Structure formats: structure tokens, C-alpha cells
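Anchor point for the sequence shown: position 419 equals 419 in the UniProt record's numbering, and the numbering is continuous, going up by one each time. This report refers to the structure that appears directly beneath it.
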Amino acid sequence: MQRTEPRHIRTGGDPRSFPDFTALRDEMSKQTHPARPDIIWDQVEQLALSLFEKNGIELQTGAWYTLARSHLARCSGMYEGLNILSAMLNHQWTQFWPQSPHARVEILAGLFQRLQNVFRTFLLSHDDRPLLLQLETTLSALNETLVRRTLQQVSQIAPLLQQVRSTITRLENTPSAEPPSTGITLSGAVLSEDELAGRQSAFSSPRLLYVIRQETDVQVEVVDNVPPPPKRGGAFIGGMVTAFVLSAAAFAGGYAVIRQPSAVQVLNAALQPLPQALTPAEIAALRADKKKNELATQWISQASARLDALAALPPDWNIRYGQGLVSQANALWPQRSDVKHLGNQWQHHLALNGMSVETLNGWHEGMLRLQELTRQLNALDGQKGKYLTVSELKSQVFSATQAFNQSVPVEEQLRLMSANPDPKTIPEAQRVKAEQHLKQLIAGYSALNRGL
């Protein structure tokens with residue numbers, strides 16, 4: 001029975017606590033299994049739809065749903081899935097899971113590569129051209145979103161977009177193979193069983209309506225209340241009296257009070273601009289200044305002290321400094337809504353550099369599996385007739401390799417980068433991956449040491 005009622009879906013959070021996500025992940029893991037078992041795409045679609053209803057849509061489940069729809073409904077399914085992902089990436093960038101840019105890039109790159117392989121299996125005709133044009137429009141919009149996020153190259157969307165455009169051009173330049181109409185109506189099925197099943201699946205699947213709830217942006221406007229300039233028409237006697245009062249206060253011990261920093265000075269001291277090294281233009285100007293030699297001794301002494309201070313900074317200094325600013329704001333103005341927004345902003349920055357449990361435990365789990373394999377091999381020594389089959393050995397090695405690949409150590413990433421003789425030719429994706437991993441490690445280190 002065909003379902004015409006649309007399903008409304010929303011943006012979701014972390015799905016890993018849902019049993020449906022565990023089942024979905026296990027099914028999709030067949031893609032990289034050495035035995036390459038068949039994936040039940042109908043089951044993938046139903047599990048994804050179930051997650052959409054319970055948790056909402058996030059990037060990982062949305063990507064798997066797009067793959068399933070592409071296998072089941074060809075171009076229409078690919079268009080449907082990518083259209084939802086395009087809306088989510090364009091309008092809900094700061095909301096959807098996962099928050100880590102590195103994790104998002106991995107999901108998108110894997111999706112686009114697999115969609116290329118699926119697209120090559122499509123048998124397309126002139127009748128598919130309108131749908132291909134819609135698919136090309138959606139991919140172009142998705143490409144523009146990734147360009148704005150500087151993720152176009154690392155996500156590898158360009159080959160898929162070019163593949164669709166080339167197919168459209170080929171169909172436009174190929175004459176239609178349809179014979180002219182003769183007024184005779186042919187009855188009977190002319191589609192293959194696979195094509196018929198795909199088209200029935202395309203229409204039997206419920207239509208999804210992605211409901212986007214835009215969060216109201218909190219706009220904070222800082223207004224400096226500068227007092228009006230004093231009137232210049234004051235009497236001379238008033239000035240003399242004021243001078244006398246101030247002088248008396250100084251002699252009475254009020255001088256220390258006058259020299260005490262004001263509240264504005266104390267608050268602004270925590271927000272001083274971070275120092276920057278001189279630009280080449282500034283250095284050139286100072287080299288022509290004759291007074292520079294007089295300042296050399298004092299400046300070099302101060303620079304030496306600054307270098308010692310920089311060397312003593314903890315690796316998570318920036319995180320401690322940011323946390324300190326948020327704590328100061330909460331202590332001074334706990335009831336203000338913009339202070340709460342400030343705290344949310346900081347937590348969002350921390351979440352972007354958060355490390356998933358899989359990444360944190362990947363190396364450890366890989367070592368445990370290798371140790372278990374070593375134990376089994378050692379137990380077989382001296383026992384005739386007992387052995388591990390090649391299939392068992394491949395499965396265990398594959399399981400350990402998967403665990404290691406979840407968390408490539410920073411040392412290995414730096415080694416791969418250093419193997420390139422010219423630093424300018426290091427791929428941007430490789431550089432971003434290493435930088436993101438370093439930030440994740442520092443953020444994790446800071447979280448463990450917080451409160452010490």
C-alpha cells in the first residue's frame with residue numbers, strides 16, 4: 001500500500017545510545033568486511049527512519065539513509081537523501097551531530113565516494129534527465145555550503161558533482177532512442193524485476209519533511225556610556241575649591257584611594273589584546289629609527305623574560321583563559337541572558353574539539369585484539385591438528401585494524417606530513433586532520449586536569 005502521508009523529521013543529537021543505531025552501524029560495517037557480505041538496504045532504510053522518528057536526523061544516519069535510498073530508488077532516492085543533508089548542513093551547521101569537523105569530513109567524504117560507485121551502476125535514459133537536473137542543483141547547493149565552510153576539497157564532493165553533470169551532457173548530446181508514437185498502446189511489463197522493485201520502493205517509501213527550527217540569535221550590543229563633557233563655563237573659584245579639596249585629601253591619606261584602579265580598568269585588564277610580533281613593515285621602520293640602539297638592552301631583557309614565560313605556559317593555556325573569562329562573567333552577572341549565551345558559545349567551541357569515545361579507545365582496543373590473537377596463536381604451539389583458518393585470521397586482523405584506524409596517533413600523522421619534501425605541497429586535508437587531532441588531545445588533557 002502506498003503511503004502518501006509525509007513524515008516530519010527534526011534535527012537530532014547523538015544517536016549512539018539508541019539500539020537502532022547499533023543495529024544500523026553493524027549492518028553498514030559490512031561495507032568494509034573482508035568477506036563483503038550483502039547489505040540489506042531495506043533494513044538500513046527502516047532503521048534510519050526509526051531513528052529519525054525517535055532522535056531526529058544527524059549526519060551519520062542521514063548519510064546511511066542516503067546510501068540506502070540510492071540503492072533502492074536510484075536517482076530519486078539519491079536526490080531525496082542529499083536534499084535533506086543539504087538543508088541540514090546549510091541551516092543547522094551548529095546544531096547537528098557530530099560536532100567535530102574532522103568526524104563530519106570523514107562521514108561526508110565516505111558518503112560521496114560510495115555514491116559515485118552507486119551512480120555508475122545506474123542505467124539512465126532521457127526520461128531521467130529532469131531528475132538528474134534536480135540532483136545536480138542539490139549537489140551544487142551542497143557544494144556551495146561546503147565551500148563556505150572551507151570543506152569542499154577534503155569532503156571530495158567535486159567528483160560526484162562532475163559525474164552527474166557529465167551524465168546530463170551525455171544524455172543531451174545523445175539522440176533519443178524512443179520510436180515515434182504510432183497510436184498503438186503496448187500492454188505488459190517492460191521493466192526488469194530489479195528496476196520495477198526499485199521504482200516501487202521509490203514510491204512506497206514515505207516522503208520526509210525536514211522541519212528546521214532556527215534558533216533565535218542572541219545579539220549583544222556593547223554600548224560605551226561616555227559621560228557628557230563638562231561645561232567649560234565653571235567659575236574660577238569653583239576650580240580653586242576643587243583643587244584645595246583634592247590637595248587636602250592627598251595630604252590626609254586619600255592619595256592611595258585616588259590611585260586605585262577603577263572597575264573599568266580591572267575588567268578591561270582581562271580582555272587586553274593578545275600581543276603580536278612586529279610585521280615586516282614595522283621592523284623596517286624601526287631599523288631606520290636612530291633611537292632603537294638606546295632601547296636594545298631593555299627590550300632584549302624583557303624579551304628574554306617573555307620567552308621564559310611562554311615556555312612555562314601549559315599546553316591548554318588558551319582553554320584555561322577562556323574558562324576563566326566565562327567564570328568571571330558568571331560570577332559578576334549571573335542573571336544576564338547574554339552571559340548564558342557567552343557560556344553556551346564557549347561550550348560549543350569546546351564541543352568542536354571534543355574526542356569521541358571510539359577515537360579515545362581505538363588504539364587500546366586494537367592492542368587488546370592483537371594481544372588476544374597472539375594468545376590464541378601461542379596456545380596452538382605444540383598442539384597437532386589445531387590451527388586457525390585463514391578466514392578466522394583475516395577477521396581478527398581486520399577487527400584490530402579497524403580499531404587502530406579509528407584513532408591514528410598524532411606521531412603517525414606528523415610522520416606522514418614530514419615524509420613530504422616540500423611543506424607547501426602537504427595536502428590541506430592532511431594538515432587539517434593533524435591540527436584537529438592535536439586540539440582534541442589538548443582539550444581532553446585540559447578536561448582531565450580541570451580543578452587541579
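C-beta: ideal position from N, C-alpha, C; glycine also. In this text the structure is predicted, and so the values were computed from the model without any measurement.
Check, Outcome
"Please report the straight-line C-alpha distance between Leu-51 and Gly-77, rounded to a whole angstrom.", "18 Å"
"What residue does the alpha helix (DSSP H) around Asn-344 start on, and which one ends it?", "337-352"
"Tell me the start and end of each unbroken alpha helix (DSSP H) in the UniProt domain \"ImpA C-terminal\" (305-448) that is at least 4 residues and wholly inside, in chain order.", "317-332, 337-352, 357-380, 390-405, 410-418"
"So, are the CB atoms of Gln-163 and Phe-119 less than 9 Å apart?", "yes"
"Could you pull the start and end residues of the alpha helix (DSSP H) that Phe-96 belongs to?", "It is not in any alpha helix (DSSP H) - Phe-96 carries neither H nor E in the DSSP assignment."
"Taking buried to mean at least 16 other C-beta atoms within 10 Å of its own C-beta, is Ile-319 buried or exposed?", "buried"
"Please classify Asp-422 as buried or exposed, where buried requires at least 16 neighbouring CB atoms within 10 angstroms.", "exposed"
"With 16 as the cutoff for other CB atoms within 10 Å, does Arg-232 come out buried or exposed?", "Low confidence applies here, because Arg-232 scores a pLDDT of 44, under 50, leaving its location unreliable; read the following figure in that light. By the neighbour-count rule (16 or more Cβ atoms within 10 Å), Arg-232 is not buried but exposed."
"Given that a residue counts as buried once 16 or more other Cβ atoms are within 10 Å of its Cβ, and exposed if not, what is Arg-306?", "exposed"
"Pick from Gln-413, Ser-17, Asn-293: whose alpha carbon is nearest that of Ala-434?", "Gln-413"
"Can you check DSSP and say which residues form a bridge with Ile-57?", "Thr-11"
"When burial is assigned at 16 or more other CB atoms within 10 Å of the CB, is Glu-58 buried or exposed?", "buried"
"Can you find the residues in the same chain that come closer than 6 Å, C-beta to C-beta, to Ile-107, ignoring five residues on each side of it along the sequence?", "Leu-59, Gln-60, Ala-63"
"Might you give, ordered along the chain, the residues of its own chain that have their beta carbon closer than 8 Å to the beta carbon of Tyr-79, omitting 5 neighbours on each side?", "Leu-131, Gln-134, Leu-135, Thr-138"
"Return helix, strand or coil for Ser-17, following the three-state DSSP convention.", "coil"
"So Arg-171 is in the alpha helix (DSSP H); what residue range does that whole segment cover?", "One point to set straight first is that residue 171 is Leu, not Arg, in the sequence displayed. Leu-171 -> alpha helix (DSSP H) spans 158-173."
"What distance in whole Å lies between the Cβ atoms of Gly-354 and Ala-443, which are believed to be in contact at a cut-off of 8 Å?", "6 Å"
"So is Gln-302 buried or exposed if we call it buried at 16+ other beta carbons inside 10 Å?", "exposed"
"So Pro-280 is in the alpha helix (DSSP H); what residue range does that whole segment cover?", "280-287"
"Can you tell me which of Val-408, Pro-409, Gln-430 puts its alpha carbon nearest to the alpha carbon of Met-417?", "Gln-430"
"Label Asp-217 either buried or exposed according to how many other C-beta atoms from any shown protein chain fall within 10 Å of its C-beta, with 16 as the threshold for buried.", "Note that Asp-217 scores 39 on pLDDT, short of 50, meaning its location in the model is unreliable; the coordinates nonetheless yield the value given after this. Classification of Asp-217: exposed, given that the 10 Å Cβ count is below 16."
"Tell me, to the nearest whole angstrom, how far the beta carbon of Arg-25 is from that of Leu-67; I am working on the premise that it is less than 8 Å.", "In fact, because the Cβ distance is near 13 Å, the residues do not count as touching under 8 Å."
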